[in-house]
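Residue numbers (my numbering), protein chains in the order written: chain A, 1 to 283; chain B, 284 to 641.
Before any comments, here is the structure.
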Amino acid sequence: MNGDRPQALSAEGLSYSVETQTLLDSVHLHAEQGRFVGLIGPNGAGKSTLLRALSGMLRHQHGAVLLEGTDLRSMSSRDVAASMALVSQIAPYTHGFTSFELVLMGRYPHLGRFQIEGREDNRIARDAMRQTDTERFADRTLDTLSGGERQRVFVSRALAQQPRILLLDEPTSNLDVFHQLKVLDLVRQLVNEGLTAIAAIHDLHMAARYCDRLVLLSDGGVLAEGRPEEVLTPEAIESAFGVRCAVYPDPITGTLAISLIGPADVHASPAEEVPAIARGVEP
Amino acid sequence: MRAVGLTTLRGYRRMAVTSRLAIGASALLLLILASAAVSLSLGPVSIPASHVASIVLSSLGFDAVGFGNTERLVIEQIRLPRILVGTVVGVALGVAGATMQGLFRNPMADPGIIGVSAGGALGAVVAIATGMAGLFFLALPTLAFIGAMAASFLVYGIAAVGGRFSMATLLLAGVAVNAFLGAIVSAIIILLPDNEALREILFWLAGGLDSRSWEHVRISAPLILGGAAVILLMARDLNLLMLGDDEARSMGVRVGMARVALLAAASLVTGAAVAVSGTIAFVGLVTPHILRLLIGPDHRVLIPMSALGGAVFVTMADTVARTIIQPAEFRVGILTAFVGAPFFILLLIRNKRQVQSL
Chain A
1 MNGDRPQALS AEGLSYSVET QTLLDSVHLH AEQGRFVGLI GPNGAGKSTL LRALSGMLRH
61 QHGAVLLEGT DLRSMSSRDV AASMALVSQI APYTHGFTSF ELVLMGRYPH LGRFQIEGRE
121 DNRIARDAMR QTDTERFADR TLDTLSGGER QRVFVSRALA QQPRILLLDE PTSNLDVFHQ
181 LKVLDLVRQL VNEGLTAIAA IHDLHMAARY CDRLVLLSDG GVLAEGRPEE VLTPEAIESA
241 FGVRCAVYPD PITGTLAISL IGPADVHASP AEEVPAIARG VEP
Chain B
284 MRAVGLTTLR GYRRMAVTSR LAIGASALLL LILASAAVSL SLGPVSIPAS HVASIVLSSL
344 GFDAVGFGNT ERLVIEQIRL PRILVGTVVG VALGVAGATM QGLFRNPMAD PGIIGVSAGG
404 ALGAVVAIAT GMAGLFFLAL PTLAFIGAMA ASFLVYGIAA VGGRFSMATL LLAGVAVNAF
464 LGAIVSAIII LLPDNEALRE ILFWLAGGLD SRSWEHVRIS APLILGGAAV ILLMARDLNL
524 LMLGDDEARS MGVRVGMARV ALLAAASLVT GAAVAVSGTI AFVGLVTPHI LRLLIGPDHR
584 VLIPMSALGG AVFVTMADTV ARTIIQPAEF RVGILTAFVG APFFILLLIR NKRQVQSL
């Protein structure tokens, strides 16, 4: 990994707590421009909180988020939104807006108070919908769409924002396998064209397959950080998720495959079983 | 039924904001002009349409003849200001209703939710009970306006206690303040020895547009049109706020600032309306709701359309109210509630699913 790429987004010692609960514990994170960074970790590890912090939504956090070197707190929310978009995990209630109307809202940070969307904005919104395969829902209200269709419309809105940095919180959680691959392929392609993406991804296999770097979170802190094969070790996965597993190169796709063996708590089966599989030896 | 509405209007929703606005606004403007024309000719003194046209033309500086002087006075000094007050009050209630429903993300929200109506009522009751209203013509609207604004500030103040503003607290604070001010109004009414003042209060509380003058137009129109303009400029922020604070913020909306500005403008507008007309019920609730079903939730179209729709609703209701039991007059506030309340119940039944999920 060459170190001369500029930092698109970085977190410096981010901490955040609600009452006595520590949700983020001095997290450092660096996303270089044109990289796809995956956030992985068990439920409650702090993935969504970290994404919210990175997007500047948490008000009483400690530490700093730097967007292309500038402290987020010194920027207007409009300037932040013009360079960074967020796709939330929980799609909001949409009050009868159509898909196209929603995607067009992504143009907000690029329009002045007295401006309305022009032909160019419409074109950008249409393109964004084409990229997520949602064009045919354009005139349908969002409450008539399935969860996965809605999720893709929200990805389109983020794209219509034309961000340089894209934050995604479980962008594939509601998607069928076809659309999981389509959406992640799309993000990958945009990253190859220069976008920086940071995504919380539940599926470790997908994370390994698409991301340049992974950040493994556990209890609000960073447990491991690096290239997928550096982070996704059986030891790290067992320590973060409490699950014994085998990690080996997938013979078909060539990326890392993870076979879950079982919860780690009760009397473990012979330990030597794991490394044998992890070396890629067929059982 | 809803699905049919959406299919027929699909082409409309696909149009640019400006086209949607031009089409919808011209339709409603025609309705306003038509209902104003009817309203100008109807009343205890029936004035033929041709005379109405001549009078309007001559007021605009054209040479027109063929009407009596009394007719001219009735139109210029009685009916026209009354229609104009009804129009701006309708604009205020429609705009404020659409704004509140957007801010609360709930189609059941009403301008009165933040205490403006109850505060205005208290101001007016004080003006009448102390006799100030009889001494000084503008005392009643002024006190009603002050009461409306004070009540809404009180409600915001409660919702912002501790530095964290919460819409849920705002709603509950509104309920509490409404109940409290309502209790004071009831107490004053019960303790009032003067029957004439009592009648006047009940009359005012029912909301009406009788004997409104050009003075009422002058004091309310600038506040209402100014507030409505502020809201219209923030219509896109309101669209994004409907999706939730986090969503709006991530798309660049200054959530706190936008919400305070919208709330302040909505209470200013409602306060000014309450000051000149009393509490006219259900207009702010029903108008945006019907229009939203027809033209969609985009506030850049919905706000101006609710303004015009509210004006149509109030002026038409007032025309019916003042002609239905001639020579006596019905109160417009009673009539709007009479039409609005059953409609509200219909909405409740239709939106049951939505309400349960809140």
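Idealized CB from N, CA, C, for every residue including glycine.
8 Å contact criterion, which residue i and residue j should meet: CB distance rounded
i, j, result
"A:Thr134", "A:Ser99", "6 Å"
"A:Leu217", "A:Gly41", "4 Å"
"B:Ile330", "B:Ile366", "Incorrect: roughly 13 Å between the Cβ atoms, too far for contact."
"A:Arg78", "A:Asp212", "About 30 Å; that fails the 8 Å criterion."
"B:Ala518", "B:His582", "4 Å"
"B:Ala442", "B:Ala462", "16 Å between Cβ atoms; not a contact."
"B:Ala645", "B:Val399", "The question about residue 645 of chain B has no answer, for chain B in this structure spans 284 to 641."
"A:Leu66", "A:Gly46", "Between A:Gly46 and A:Leu66 the Cβ distance is about 19 Å, and since that is not below 8 Å, they are no contact."
"B:Ser337", "B:Val321", "The pair is not a contact, with the Cβ atoms about 17 Å apart (cut-off 8 Å)."
"A:Ser173", "A:His202", "6 Å"
"B:Arg297", "B:Gly579", "At roughly 10 Å, the Cβ-Cβ gap does not stay under 8 Å, so B:Arg297 and B:Gly579 are not in contact."
"A:Leu102", "A:Arg157", "6 Å"
"B:Ala620", "B:Phe565", "6 Å"
Cβ shell of residue i (< 6 Å), same chain only, five flanking positions each side left out
i, result
"A:Gln33", "Arg5, Pro6, Ala8, Thr196"
"B:Val408", "Val468, Ile471, Ile484"
"A:Ser55", "Leu86, Leu167"
"A:Arg279", "Confidence at A:Arg279 is low in this model, with a pLDDT of 48, below 50, so the placement of that residue should be treated as unreliable; the coordinate-derived value is given next. Closer than 6 Å at the Cβ level, and outside the excluded window around A:Arg279, lies no residue."
"B:Val559", "Val368, Pro424, His499, Ser503"
"B:Leu453", "Ala442"
"A:Pro270", "The predicted position of A:Pro270 is uncertain, since its pLDDT is 48 and thus under 50; a value taken from the coordinates is nonetheless stated next. Correct list: empty, nothing qualifies."
"A:Ser10", "His30, Leu66"
"B:Met415", "Ala422"
"B:Ile315", "Ala594, Val595"
Residue i - containing alpha helix (DSSP H), residue span
i, result
"A:Phe154", "147-160"
"B:Leu618", "615-633"
"B:Glu310", "The question names Glu, but residue 310 of chain B is Ala in the sequence shown. Element bounds for B:Ala310: 300-324."
"B:Tyr439", "422-442"
"A:Gln189", "177-192"
"B:Pro327", "It is not in any alpha helix (DSSP H) - B:Pro327 carries neither H nor E in the DSSP assignment."
"A:Asp127", "119-131"
"B:Met383", "363-386"
"B:Pro505", "497-516"
"B:Glu354", "352-356"
"B:Phe345", "First-last for B:Phe345: undefined, no H or E at that position."
Same chain, Cβ closer than 8 Å to residue i, five either side skipped, listed in chain order
i, result
"B:Leu475", "Ala412, Leu481, Ile484"
"B:Val538", "Leu524, Asp528, Ala531, Arg532"
Per DSSP, cross-strand counterpart(s) of residue i
i, result
"A:Cys245", "A:Leu260"
"A:His30", "A:Ser10"
"A:Leu168", "A:Val87, A:Ala199"
"A:Gly38", "A:Ala199, A:Leu214"
"A:Ala64", "A:Glu12"
"A:Leu24", "A:Tyr16"
"B:Thr452", "According to DSSP, which records beta bridges pairwise, B:Thr452 is partnered with nothing at all."
"A:Asp71", "A:Leu66"
"A:Thr98", "A:Thr141"
Sequence-distant residues of the same chain with beta carbon closer than 7 Å to residue i, five excluded per side
i, result
"B:Val513", "Ala544, Ala548"
"B:Asn522", "Asp581, His582"
"B:Leu488", "Ala404, Gly561, Thr562"
"A:Ala82", "Pro109, His110"
"B:Ser318", "Val595, Thr598, Met599, Thr602"
"B:Val335", "Ala320, Leu323, Ser324, Ile358"
"B:Leu304", "Val584, Pro587"
"B:Leu568", "Gly380, Asp393, Gly623, Phe627"
Opening and closing residue of the beta strand (DSSP E) in which residue i lies
i, result
"A:Ser218", "213-218"
"A:Thr196", "196-200"
"A:Glu225", "221-226"
Residue i CB to nearest heavy atom of the ligand NAP below 7 Å
i, result
"A:Leu175", "Of ligands this structure carries none, so the ligand NAP is not represented either."
CB contact check: residue i to chain E, cutoff 8 Å
i, result
"B:Arg519", "Checking the listed chains, one finds no chain E in this structure; the protein chains it contains are A and B."
Listed in chain order, which residues of the stretch 375-393 of chain B have Cβ atoms closer than 8 Å to some Cβ of chain A? Arg388
Please identify, using Cβ separations under 9 Å, the residues of the stretch 20-46 of chain A that lie next to chain B, in order along the chain. none
Which of the residues in the stretch 297-320 of chain B, read from start to end, lie with their CB under 9 Å from any CB of chain A? Arg297, Ala299, Val300, Thr301
Relative to chain A, which residues along the stretch 526-559 of chain B have a C-beta separation below 7 Å, given in chain order? Leu526, Gly527, Asp529, Glu530, Arg532, Ser533, Met534, Gly535, Val536, Arg537
Chain B contacts from the stretch 54-71 of chain A (Cβ-Cβ distance under 9 Å): Ser55, Gly56, Met57
Output needed in chain order: residues of the stretch 567-581 of chain B with a Cβ under 8 Å from some Cβ in chain A. Arg575, Gly579, Pro580, Asp581
Chain-ordered residues of the stretch 107-121 of chain A with a beta carbon less than 7 Å from chain B: Tyr108, Pro109, Arg113, Ile116
If you measure beta-carbon to beta-carbon, which residues of the stretch 224-241 of chain A are closer than 8 Å to chain B? none
Taking Cβ-Cβ distances below 7 Å as the criterion, which residues of the stretch 494-523 of chain B are in contact with chain A? Leu516, Arg519, Asn522, Leu523
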